[in-house]
Amino acid sequence: MEYRRPVPCVVRGDGDLMTTALVITAPGINCDIELAEGFALAGAQPRSVHINELLANIAIIDEADLIGLPGGFSYGDSIAAGRIMANVMRKTMYPKLVEALRRGVPMIAPCNGFQIAVQLGLLPGPTHGSSWEETAPTPTVALAQNNSARFIDKWVEFHVPSNSRCIWTKNLNGTAETSCIPIAHGEGRFVPVNDESLQSLEEGGQIACRYGATDNPNGSVGDVMGICDASGLVLGLMPHPERFLRWTQHPTWTRLTKAQMQGDTIGLQMFKNAVRYATSNNTQRCVEQSA
61 MEYRRPVPCV VRGDGDLMTT ALVITAPGIN CDIELAEGFA LAGAQPRSVH INELLANIAI
121 IDEADLIGLP GGFSYGDSIA AGRIMANVMR KTMYPKLVEA LRRGVPMIAP CNGFQIAVQL
181 GLLPGPTHGS SWEETAPTPT VALAQNNSAR FIDKWVEFHV PSNSRCIWTK NLNGTAETSC
241 IPIAHGEGRF VPVNDESLQS LEEGGQIACR YGATDNPNGS VGDVMGICDA SGLVLGLMPH
301 PERFLRWTQH PTWTRLTKAQ MQGDTIGLQM FKNAVRYATS NNTQRCVEQS A
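If you count the sequence shown from 1, you need to add 60 to reach our numbering.
The following block contains the structure:
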């Protein structure tokens, strides 16, 4: 049976459909405001909801057209980065999040969000053509301690593989000087369970973005910076696109030319890609509901 959106379509005052972005917060999360701003600047209406409120009313997820898992240090990163929040969500929210994906809801998980998403079971997700499991699967990738054993806070090169199916990183425009993004993490080294797993991700177009070959800051296998699921809807990445929404956030913006600063930054382009997709998906489903 085809899934039907369980809540009414929300219309703004100007008559356009409202695209709502759910930002899930928790103790220790500290990038939720920036993530909400990314959604807002891209044209969505952000709504930040604490995980305790979500546990009390999980149907809130049904109202979201986009979902964000922000960065930070959820629950103090006790045991391991993102472990506690991921376990809470595995037991309570995984089925609802899968429902959201089945109705085409884009999700983004930067930094601590990425660490949560892989342990939660959202990434890398089922292979292309396969269905989501009814219960959260065993993780097949991990974000391990940086090979330097130190926290790293810097800007790095940003590259998108030509075969990536990720809707967030699709058709991004940038130059060598502007295709960069900030990172800030101590456990960001991407490690697949085996070589076959990495090969499957590469061949399936699930590598969403990569570090430069000579600019891999944490020892990630295959220079992998971020991955997506087979649908391209879920993006997990160690950098913070929400911290590069304006040109004045670029580390050398005063030395960039006006031509280089034409259009939107890499970060804002990513949010606009997702909001555009979600708005189109929202419109289509609302038309189907009214038929």
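Glycine included, each C-beta is placed from N, C-alpha and C at the ideal position.
Counting only the same chain and skipping the five closest in sequence on each side, list residues whose C-beta sits under 7 Å from that of residue i.
i: L180; result: A146, M149, R150, Y154 and A196
i: R249; result: L203, A204, Q205, N206, N207, N278, G279 and S280
i: N341; result: G164
i: A290; result: G185, P186, T187, H188, G264 and Q266
i: A209; result: none
i: K230; result: N333
i: L258; result: P252, V281 and G282
Using beta-carbon positions only, say whether residue i and residue j come within less than 9 Å of one another.
i: S224; j: Q266; result: yes
i: G98; j: G131; result: no
i: F331; j: P242; result: no
i: C171; j: L82; result: no
i: I227; j: N333; result: yes
i: I287; j: A268; result: yes
i: V284; j: A102; result: no
i: D275; j: V216; result: yes
i: G282; j: E263; result: no
i: I168; j: V294; result: yes
i: P301; j: G323; result: no
i: T312; j: E256; result: no
i: D122; j: K156; result: yes
Could you give the distance in angstroms between the alpha-carbon of residue i and the alpha-carbon of residue j?
i: C240; j: I120; result: 35 Å
i: S260; j: A177; result: 19 Å
i: G128; j: V109; result: 11 Å
i: E247; j: H219; result: 21 Å
i: L115; j: P87; result: 14 Å
i: I139; j: H245; result: 16 Å
i: K214; j: C346; result: 43 Å
i: Q344; j: D92; result: 29 Å
i: D137; j: T85; result: 14 Å
i: Q309; j: L316; result: 12 Å
i: L183; j: A319; result: 37 Å
i: L161; j: Y337; result: 13 Å
i: S134; j: A96; result: 17 Å
i: T198; j: P166; result: 22 Å
i: E194; j: N233; result: 38 Å
i: R107; j: I144; result: 23 Å
Give every residue of the same chain whose Cβ lies closer than 6 Å to the Cβ of residue i, excluding the five residues on either side of it in the sequence, and list them in chain order.
i: Q175; result: A141, G142 and L203
i: M321; result: W307
i: G292; result: R225, C226 and I227
i: Q105; result: M78 and T80
i: T235; result: Q320
Does the beta carbon of residue i come closer than 9 Å to any beta carbon on chain B?
i: R345; result: Note that chain B does not occur in the displayed structure, where there is just one protein chain.
Given a threshold of 16 other Cβ atoms within 10 Å of its Cβ, counted over all protein chains shown, does residue i qualify as buried or as exposed?
i: P299; result: buried
i: N33; result: Lying before the first or after the last residue shown, residue 33 is absent from the chain, which here runs from 61 to 351.
i: F211; result: exposed
i: Q329; result: buried
i: T339; result: buried
i: T152; result: exposed
i: R270; result: buried
i: V253; result: exposed
i: E94; result: buried
i: T325; result: buried
i: R64; result: Its pLDDT being 40, under 50, R64 is placed unreliably in this model, and the coordinates cannot settle the point.
i: T314; result: exposed
May I ask you to check if the CB of residue i is nearer than 8 Å to at least one heavy atom of the ligand COA?
i: E94; result: Annotation note on the ligand COA: not contained in the displayed structure, which lists no ligands.
Which residue marks the beginning of the alpha helix (DSSP H) containing residue i, and which one marks its end?
i: D255; result: D255 to E263
i: P170; result: Run containing P170: none in the alpha helix (DSSP H); it sits in the beta strand (DSSP E), M167 to P170.
i: G98; result: D92 to L101
i: V148; result: R143 to T152
Over what stretch of residues does the beta strand (DSSP E) that includes residue i continue unbroken?
i: R270; result: I267 to R270
i: V83; result: T80 to T85
i: A204; result: V201 to A204
i: P242; result: C240 to H245
i: E217; result: I212 to E217
i: I127; result: L126 to G128
i: I287; result: V284 to C288
i: L183; result: L183 -> no beta strand (DSSP E), and no H or E assigned at all.
i: L297; result: V294 to L297
So, at 8 Å on beta carbons, what are the nonlocal neighbours of residue i in its own chain, with the 5 sequence-adjacent residues on each side left out?
i: W192; result: V158, L161, R162, G185 and P186
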